[in-house]
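Asks: Chains as they are written, first to last, in this note's numbering: chain Z, 627 to 1276; chain C, 7 to 250. Glycine residues also receive a C-beta, built at the ideal position from the N, C-alpha and C atoms. Keep in mind that this is a model prediction, so the values were computed, not measured. The structure follows.
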Amino acid sequence: STLNDEDSGESVEGDDKISIYSYKVRSTITSRLVNTMIQSKVENKAKHSQNLVFDVQIPKGAFIHNFTMNINGITFTSSIRERSAARQQYAQARAKGKAAGIVRSSALDTENFKAELNVPGGMKVQFEIHYQEAIRRKLGSYEYIIPLQPGRLAKHLEVDVRIIEPQGLRYVHVPNSLGDHFAGITTISKGEKKAHVSFKPTVAQQRKCPTCSATAVDGNFVVMYDVQREPKAGELEIFNGYFIHYFAPENLDPLPKNILFVIDVSGSMWGLKMKQTVEAMKTILGDLRPEDQFSIVDFNHNVRSWRDDLVAATPSQTEDAKKYIQEIHPTGGTNINEALLRAIFILKEASNLKMLDPNSVSMIVLVSDGDPTVGELKLTTIQKNVKQNIPEDVSLFSLGIGFDVDYDFLERLAHENHGMAQRIFGSQETSSQMKKFYNQVSTPLLKKVEINYPQGSVSDVTQNSFHNYFGGSEIVVAGKVDSNNVQHLQSLITATAANAEIVLETLADVEGLDEFLKKEEHADPKFTEKLWAYLTINQLMAERNLAPTAALKRNITRSILQMSLDHHIVTPFTAMLIENPEGDERMLADSPKDQKRGCCSGTLSVAPNNLDKSIPSWAKPTPTSERLLSARQAPTMSAIKQHINTVDND
Amino acid sequence: PHFIIYLQKSQENICFNIDSEPGDILNLVSDPESGVLVNGQLIGAKKREDKKLATYFGKIGFYFKHKGLKVEISTETITLKDGSYSTGLSWSDTGSIIRKRLLVSVKKDSSVTITVDTEISFLVLLHRVWKNHPVNVDFLGIYIPPTNWFSSSAHGLIGQFMSEPEVRIYNERPGRDPKKPEATMEVKGHKLTVTSGLQKDYRTDQVFGTNVHCWFVHNSGKGFIDGHYKDYIVPHLYRFLRNP
Chain Z
627 STLNDEDSGE SVEGDDKISI YSYKVRSTIT SRLVNTMIQS KVENKAKHSQ
677 NLVFDVQIPK GAFIHNFTMN INGITFTSSI RERSAARQQY AQARAKGKAA
727 GIVRSSALDT ENFKAELNVP GGMKVQFEIH YQEAIRRKLG SYEYIIPLQP
777 GRLAKHLEVD VRIIEPQGLR YVHVPNSLGD HFAGITTISK GEKKAHVSFK
827 PTVAQQRKCP TCSATAVDGN FVVMYDVQRE PKAGELEIFN GYFIHYFAPE
877 NLDPLPKNIL FVIDVSGSMW GLKMKQTVEA MKTILGDLRP EDQFSIVDFN
927 HNVRSWRDDL VAATPSQTED AKKYIQEIHP TGGTNINEAL LRAIFILKEA
977 SNLKMLDPNS VSMIVLVSDG DPTVGELKLT TIQKNVKQNI PEDVSLFSLG
1027 IGFDVDYDFL ERLAHENHGM AQRIFGSQET SSQMKKFYNQ VSTPLLKKVE
1077 INYPQGSVSD VTQNSFHNYF GGSEIVVAGK VDSNNVQHLQ SLITATAANA
1127 EIVLETLADV EGLDEFLKKE EHADPKFTEK LWAYLTINQL MAERNLAPTA
1177 ALKRNITRSI LQMSLDHHIV TPFTAMLIEN PEGDERMLAD SPKDQKRGCC
1227 SGTLSVAPNN LDKSIPSWAK PTPTSERLLS ARQAPTMSAI KQHINTVDND
Chain C
7 PHFIIYLQKS QENICFNIDS EPGDILNLVS DPESGVLVNG QLIGAKKRED
57 KKLATYFGKI GFYFKHKGLK VEISTETITL KDGSYSTGLS WSDTGSIIRK
107 RLLVSVKKDS SVTITVDTEI SFLVLLHRVW KNHPVNVDFL GIYIPPTNWF
157 SSSAHGLIGQ FMSEPEVRIY NERPGRDPKK PEATMEVKGH KLTVTSGLQK
207 DYRTDQVFGT NVHCWFVHNS GKGFIDGHYK DYIVPHLYRF LRNP
């Protein structure tokens, strides 16, 4: 039955008489592909009707693919539809007193899936959501984060994570991220290729204090691990007609770097952001290696530079640079265009003067907290200026501080120039996040990496050439294998290392994993297909972001939509329709678009004909809007002119 | 280590063993003029057998002075060094490293071929033994082609034979062991008693090898090699012979 009445004795009811009977997280990781299931059984023990909420944080980049809601034996099931089609079907049979949605969260790298329904007293509900993600290796390990916020005490609270890595496990570590309160409760059992992590705090252990009724379980449950990396040519895993190639070579000498730090010192950076940026830069400058060359460009409405040319990262120079950056007082506007062109000019000059080691890697790191307000304001023009001037072998990485920056722009700028972007908090954590971001690109080990496979034996291969490979990360290539006609798949990797060209070969048996995975009941038999699909979708999304013409953009959108439907996942072009067996009660959940402006999390709205006390406190529809508010992000700013001429410290 | 020297003009194989200490570094080729150096460092078996500790090549170092490149091959890794930079592969890789027209090609768990300017290739074979064997250890073999690529002043346990010495083998007769006839060999002004024997060439079959008939020179090659084998012990992996 939905709920069994085996009682563990301790009462967990809140003052509102809502009780969580069980809150379970079950995850399996099959070669970096994570299947996460979160299930919650809740009961309204009051006599009057109340709203039961199921609010789960989903990591950005994860794909929701299933949600069920069981209300006293009636199961609402979900299906994935094209977005507008789902909306139409939702409009035909809006569920009364029920709402679902995926809304932006205040946390940087998650979104919230919320489902809420109004149930009479004595009613029990079971919520269950499934989502999948491909975890990427960062700073030498895979970090699997489970946002764990049950919101109240749960009679049975359980997190169960199983890891299956054909490559072999090097280590599994579970830091005390929920706090020392839970030290020693997690159990880890690790074999050569498998591991099991279990976290089952009793009700007493969940309490904030022995007599408290509030739960101390509020944070992220984190599992970190890495795999064995014997052959340098990486691990070629083939299963079910798909291949995944993981390439993360070790013990290579770092390539020398030519790095330009381009730092926004406009007025809005004044205070905590600048203080944190300076603190991060002091560590970063200290970490530069003697064979690296660097300079700093700082900009507000003017563009200055610490040195007009690249300088060797000797201790004396880095000390001088630290002093320079500490004495900057943020003020004035933001001229991103000129700052980037200056940085590009410095790199080009150095190259023309033969100052660059032929095996070095050149990069620009842009740090900004806002949009341009001086000089070139049109973001697409800035993008074009950079693209036209930047040398082909220079990578551009961009860091957006806070929510006032147009993150889409920074992401396009980075992706178009072989880099990556990240948004970080404008808070006490800015410095640590900046250092963590920099550390991901501080150790280039290879450049011009290309991975090839024999013609005819593979198809639909994802990106297979990479500008750089940074220590601690991992290159992943996936595709389809013609398993009927191919018994062994060969791969050839070519790359440039610090002092040599490297050629690496791998040969993998297309049935090499069959034996191992057949015995693994927990392994996801479709892990290779899903990893390939999610890698392809993410790459198509990046391509769509850069598509020069509307026609090309439409084609890419169509491909993403088709793959999203084929794989039953929520993406920006699909939505999840939730309905009862009769199909006369429906709810809709689709993913929010990124906000150009606005710092706050999105809200969920309920059908207006339910404008009574049951409206969720966090979901007040705007009085002017008579139109039906379907479950999507908060009213966008689109009604306001696309570009506002604000002075920076408005 | 077992040495087999193939003398092209005489169409004879001459072989000898060197019994030295683990850790000793033997010079195999020393040719300062062409800037090529090959040394081999010995490792010992896990324990003595019949009171004797067998030794093998556990590490081989190549130095190409004119290119400023070193290649170090152990039973674990293959590393190319260029000044302060090094790039390495392991024996579980299949691949190559290319630098200044030097190609180091690794075949997984089997062999490394070092090709210099596409003109000459050195071959190193890996002999893997069962990890838990009570006595045996992994070891390396090296094959250097007969070539006039070296200068006339090349020396070392193998290098000295690049300029082939005059050898005369006669008076073949039954040996103390009936299955192993003996003969007299005149070389470098010495008259030696040599024994007919079989050695192994593992290039085509790395496990069982191919039998190679050769005339075996006793006492660590005394009389056949210049001087004594201890003259070829060098202090570190990339040191040329002092004055052969």
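1) Since N1281/Z is in the alpha helix (DSSP H), which residue starts that stretch and which ends it?
2) Which of the three DSSP states is assigned to I954/Z in this structure?
3) Anything in chain C within Cβ reach of K858/Z, meaning under 9 Å, just list it in chain order.
4) Any C-beta of chain C within less than 8 Å: which residues of the stretch 868-890 of chain Z qualify?
5) Just to check my reading of the structure: G996/Z and S892/Z have Cβ atoms closer than 8 Å, yes? What is that Cβ distance to the nearest angstrom?
6) Give the range of the beta strand (DSSP E) segment to which G1026/Z is assigned.
7) Just list the residues that DSSP pairs N866/Z with in beta bridges.
8) The stretch 1124-1136 of chain Z: which residues have C-beta closer than 9 Å to a C-beta of chain C, in chain order?
9) Looking at the C-beta of D88/C, does it have a partner C-beta in chain Z at a distance below 9 Å?
10) Nearest-angstrom Cα distance between I706/Z and S1190/Z?
11) My assumption, with CB atoms under 8 Å, is that I970/Z sits in contact with N926/Z. Please give the rounded CB distance.
12) Among H674/Z, F693/Z, A672/Z, which has the Cα closest to the Cα of D681/Z?
13) Please return the same chain residues whose Cβ sits closer than 6 Å to the Cβ of Q943/Z, not counting the five positions on each side in sequence.
14) Report the neighbours of I104/C on chain Z: residues whose CB is nearer than 9 Å to its CB, in chain order.
15) Would you mind reading off the limits of the alpha helix (DSSP H) that contains V745/Z?
16) Please list the partners that Y91/C has in chain Z, where partner means a Cβ-to-Cβ separation under 7 Å.
17) Just mark Q683/Z as buried or exposed, buried being the case when its beta carbon has 16 or more other beta carbons within 10 Å.
18) Return yes when the Cβ of E754/Z is within less than 9 Å of the Cβ of S666/Z, no when it is not.
19) Looking at the structure shown, is S988/Z part of a helix, part of a strand, or coil, going by DSSP?
20) Quick check on K137/C - is its C-beta less than 9 Å from some C-beta in chain Z?
21) Helix, strand or coil: which one does DSSP assign to G845/Z?
22) Which value, in whole angstroms, describes the spacing of the CA atoms of F1023/Z and A760/Z?
23) Just the C-alpha distance for S661/Z and D844/Z, rounded to the nearest angstrom, thanks.
24) Sort P1207/Z, N1206/Z, A1201/Z, G1209/Z by Cα distance to G727/Z and report the nearest one.
25) Name the one or two DSSP bridge partners that C835/Z has.
26) Quick one: measure Cβ to Cβ for I1186/Z and M1213/Z, integer angstroms, because I've assumed they're closer than 8 Å.
27) Are any of the Cβ atoms in chain Z nearer than 9 Å to that of K114/C?
28) Can you list, in chain order, the stretches of the beta strand (DSSP E) that have 3 or more residues and sit fully within the stretch 97-171 of chain C?
29) From Q793/Z to K908/Z, what distance separates their C-alpha atoms?
30) Quick check on I864/Z - is its C-beta less than 9 Å from some C-beta in chain C?
31) Taking three-plus beta-carbon pairs below 8 Å as touching, is the stretch 898-917 of chain Z in contact with the stretch 942-956 of chain Z?
32) Strictly by DSSP, which residues pair up with R720/Z?
33) For chain C, is any of its Cβ atoms less than 9 Å away from the one on I1119/Z?
34) Between which two residues does the beta strand (DSSP E) holding D890/Z run?
35) Tell me the rounded alpha-carbon separation between K781/Z and Y716/Z.
Replies: Reading it off the structure:
1) Absent from the model: residue 1281/Z. The displayed extent of chain Z is 627 to 1276, so no value can be given.
2) The residue labelled residue 954/Z in the question sits at position 328 within the first sequence. Coil at I954/Z, not helix or strand.
3) For the purposes of this step, residue 858/Z is taken as residue 232 along the first sequence, with counting starting at 1. Residues of chain C passing the Cβ test: G94, L95, S96, S98, D99, G101.
4) N877, L878, D879
5) Position 370 of the first sequence, counted from the first residue, corresponds to residue 996/Z. Position 266 of the first sequence, counted from the first residue, corresponds to residue 892/Z. Rounded, the Cβ-Cβ distance is 7 Å, consistent with contact.
6) For the purposes of this step, residue 1026/Z is taken as the residue at position 400 of the first sequence. It spans 1020-1027 - the beta strand (DSSP E) in which G1026/Z sits, taken as one unbroken run.
7) Taking the first residue of the first sequence as 1, we reach residue 866/Z at position 240. Partner(s): none; N866/Z has no beta bridge.
8) A1124, N1125, A1126, E1127, I1128, V1129, L1130, E1131, T1132, L1133
9) Stepping through the second sequence from its first residue, residue 88/C is reached at position 82. At least one chain Z Cβ lies under 9 Å of D88/C.
10) The sequence position of residue 706/Z within the first sequence is 80, counting from 1. The sequence position of residue 1190/Z within the first sequence is 564, counting from 1. Using only the alpha carbons, I get a separation of about 8 Å.
11) Numbered from 1 along the first sequence, position 344 holds the residue referred to as residue 970/Z. Numbered from 1 along the first sequence, position 300 holds the residue referred to as residue 926/Z. 19 Å between Cβ atoms; not a contact.
12) Indexing the first sequence from 1 puts residue 681/Z at position 55. Residue nearest to D681/Z within the set H674/Z, F693/Z, A672/Z is F693/Z (criterion: CA-CA distance).
13) By one-based count along the first sequence, residue 943/Z stands at place 317. These residues qualify, in order along the chain: V937.
14) Counted from its first residue, the second sequence places residue 104/C at position 98. Within 9 Å Cβ-Cβ: A1126, E1127, I1128, V1129.
15) The residue you call residue 745/Z lines up with position 119 of the first sequence. Looking at the DSSP string, V745/Z is not in any alpha helix (DSSP H); the run it does join, the beta strand (DSSP E), is 736-745.
16) Taking the second sequence and counting its residues from 1, one reaches residue 91/C at position 85. Within 7 Å Cβ-Cβ: D879, A1124, N1125.
17) Sequence index remark: in the first sequence, residue 683/Z carries index 57 (1-based). Counting C-beta atoms within 10 angstroms of its own C-beta, Q683/Z has 16 or more neighbours from the protein chains shown and is therefore classed as buried.
18) Taking the first residue of the first sequence as 1, we reach residue 666/Z at position 40. Taking the first residue of the first sequence as 1, we reach residue 754/Z at position 128. Going by C-beta atoms, S666/Z is nearer than 9 Å to E754/Z.
19) In the first sequence, residue 988/Z corresponds to position 362, counting from 1. If DSSP states are grouped into helix, strand and coil, S988/Z belongs with the strands.
20) Locating residue 137/C in the second sequence gives position 131, counting from the first residue. No - not a single Cβ of chain Z is within 9 Å of the one on K137/C.
21) Within the first sequence, the letter at position 219 stands for residue 845/Z. In the structure shown, G845/Z sits in a strand (DSSP, three-state: E or B).
22) Along the first sequence, one-based indexing puts residue 1023/Z at 397. Along the first sequence, one-based indexing puts residue 760/Z at 134. Using only the alpha carbons, I get a separation of about 22 Å.
23) Mapped onto the first sequence, residue 661/Z falls at position 35. Mapped onto the first sequence, residue 844/Z falls at position 218. In the sequence on display, residue 661/Z carries Asn and not Ser. N661/Z and D844/Z: Cα-Cα distance of roughly 22 Å.
24) Along the first sequence, read from residue 1 onward, the residue named residue 727/Z stands at position 101. Here the closest residue by C-alpha is A1201/Z.
25) Numbered from 1 along the first sequence, position 209 holds the residue referred to as residue 835/Z. BP columns for C835/Z are empty, so no partner.
26) The residue labelled residue 1186/Z in the question sits at position 560 within the first sequence. The residue labelled residue 1213/Z in the question sits at position 587 within the first sequence. Actually they are not in contact, since the Cβ atoms of I1186/Z and M1213/Z sit about 24 Å apart, beyond 8 Å.
27) Numbered from 1 along the second sequence, position 108 holds the residue referred to as residue 114/C. Judged by the 9 Å Cβ criterion, K114/C is in contact with chain Z.
28) 100-105, 108-113, 117-122, 126-133, 145-149
29) In the first sequence, counting from the first residue as 1, residue 793/Z sits at position 167. In the first sequence, counting from the first residue as 1, residue 908/Z sits at position 282. If I take the Cα positions, the gap works out to 38 Å.
30) On the first sequence, residue 864/Z is found 238 positions in, with the first residue counted as 1. With respect to chain C, the C-beta atom of I864/Z has no partner C-beta closer than 9 Å.
31) In short, these stretches touch, since the Cβ pair count reaches three.
32) Numbered from its first residue, the first sequence carries residue 720/Z at position 94. Answer is R1212/Z, bridged to R720/Z.
33) Taking the first sequence and counting its residues from 1, one reaches residue 1119/Z at position 493. Yes - at least one Cβ of chain C is within 9 Å of the one on I1119/Z.
34) If you number the first sequence from 1, residue 890/Z lands on position 264. Start and end: 883-890.
35) By one-based count along the first sequence, residue 781/Z stands at place 155. By one-based count along the first sequence, residue 716/Z stands at place 90. Cα to Cα, K781/Z sits roughly 35 Å from Y716/Z.
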